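S.K.:
In our numbering, the protein residues as written are 272 to 592.
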């Protein structure tokens, strides 16, 4: 792998810095720091932070943070409008190109595996026509047997796709199974890549699992104290169904169950914590397959080393301080 200094000399391709890592590891804090130091703008790669009104449960950057550094692909659509992966990809490339035209540095930040792959690898999504009857059958199976049972079927059919999709993401689980059962081939076998014309520096944040679980557990408590229950009530009052893919995602579905009287608040909190621990395992499965990532253990206070790495990667004109 070329050194950052060697990469910086290759000025033909514009730069893109990717910050990835599991939930609660500290991606937002690092991205704000680096974007301020290196004349950057932040491009979201989070499949839930795109939704308006879902702020607390997605750990969305605050209004103040978004005012300090330009953010893109955050708060761009209502929860009842789904975002196709190809649409996100097109929007992300357009935003990144716009940042480059302004002479600034784009920072792609997030933990959504498919969103990151769509940009970094230029992932080309297989064109397989929808099969409404099969979709209905798979959705009924999930309703009767639980989403985890449907995800288990996906793991047996396409382990790579299953590793990238959380069991709660029913729409993507159904789509992956639909592709396998319609074509007889795994989704990953049908995918191709057209890498974008960027020089890419990938920075990965890591944390020993027990410490990360502690952070997750604290974050869930903080979310509840910050008004997660009230946020869910507001979304429901606005007419959004708890069965929407966005609102049946991690955190929101447990609070919805609490509001229906199916769980105490404490039980909902504990379930969110446990499910987030499981989700982190899914994230790591995919992250470890990404080549050329510079990994940093957050517990070792790596911020100075990360800044040095970014400084070496970027031309001096982008160094603000």
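Each residue gets a CB set at the ideal place from its N, CA and C atoms; glycine is no exception. Remember, predicted model here, so these are calculated numbers, not experimental data.
For residue 566, which of 475, 531, 573, 586 has the nearest alpha-carbon?
M.R.: Of 475, 531, 573, 586, the residue nearest in Cα terms is 475.
S.K.: Can you tell me whether residue 383 is buried or exposed, with buried defined as 16 or more other CB within 10 angstroms of its CB?
M.R.: Answer is buried; the Cβ neighbour count reaches 16.
S.K.: Can you give the Cα-Cα distance for residue 549 and residue 435, rounded to whole angstroms?
M.R.: Each residue's alpha carbon lies about 12 Å from the other.
S.K.: Are residue 284 and residue 469 close, meaning C-beta to C-beta below 8 Å?
M.R.: Yes, Cβ-Cβ distance for residue 284 and residue 469 is below 8 Å.
S.K.: Give every residue of the same chain whose Cβ lies closer than 7 Å to the Cβ of residue 375, excluding the five residues on either side of it in the sequence, and list them in chain order.
M.R.: If we look at residue 375 and ignore the five residues flanking it on each side, its Cβ neighbours are 310, 311, 312.
S.K.: Taking its Cβ as the centre, do 16 or more other Cβ atoms sit within 10 Å of residue 416, making it buried, or is it exposed?
M.R.: Residue 416 should be labelled exposed.
S.K.: Which stretch, first to last residue, makes up the beta strand (DSSP E) that contains residue 312?
M.R.: Its beta strand (DSSP E) spans residues 311-315.
S.K.: Measuring straight from C-alpha to C-alpha, what distance separates residue 447 and residue 563?
M.R.: If I take the Cα positions, the gap works out to 27 Å.
S.K.: Among the candidates 543, 473, 316, whose CA atom is the shortest distance from the CA of residue 499?
M.R.: For the residues 543, 473, 316, the minimum Cα distance to residue 499 belongs to 543.
S.K.: Write down every uninterrupted run of the alpha helix (DSSP H) in the region 311-391 whose length is 4 residues or greater and which is fully enclosed by it, in chain order.
M.R.: Correct list: 334-339, 356-372, 384-391.
S.K.: Which residue spans inside the region 415-482 form an unbroken alpha helix (DSSP H) run of at least 4?
M.R.: You should have 418-428, 430-435, 441-454, 458-461.
S.K.: May I ask you to check if the CB of residue 536 is nearer than 7 Å to at least one heavy atom of the ligand GDP?
M.R.: Inclusion of the ligand GDP in the displayed structure is not the case, the ligand content being empty and no account of it being possible.
S.K.: So the beta strand (DSSP E) residue 534 belongs to, where does it begin and stop?
M.R.: Careful: residue 534 lies outside any beta strand (DSSP E) and carries neither H nor E.
S.K.: Apart from the five residues just before and just after residue 392, which ones in its own chain have a Cβ nearer than 8 Å to its Cβ?
M.R.: Excluding sequence neighbours, residue 392 sits near 464, 466.
S.K.: Can you name the residues that DSSP bridges to residue 286?
M.R.: Answer is 470, bridged to residue 286.
S.K.: Apart from the five residues on each side of it in sequence, which residues of its chain come closer than 6 Å, Cβ to Cβ, to residue 450?
M.R.: Cβ within range, chain order: 399, 458.
S.K.: Starting from residue 291, follow its DSSP beta bridges and name the residues at the other end.
M.R.: Residue 291 pairs with 381, 475.
S.K.: Distance check for residue 295 and residue 577, CA to CA, integer angstroms please.
M.R.: If you take the alpha carbons of residue 577 and residue 295, they lie about 18 Å apart.
S.K.: Return the first residue and the last residue of the beta strand (DSSP E) that residue 564 is part of.
M.R.: First-last of the beta strand (DSSP E) with residue 564: 564-568.
S.K.: Where do the ends of the alpha helix (DSSP H) carrying residue 516 lie?
M.R.: Per DSSP, residue 516 belongs to no alpha helix (DSSP H) and is neither H nor E.
S.K.: Hey, how far is the Cα of residue 538 from the Cα of residue 522?
M.R.: Roughly 12 Å separates the two Cα atoms.
S.K.: Determine the DSSP secondary structure at residue 585, reduced to helix, strand or coil.
M.R.: Coil, per DSSP.
S.K.: Report the partner residues of residue 394 according to the DSSP bridge assignment.
M.R.: Answer by DSSP bridge pairing, in chain order: 464.
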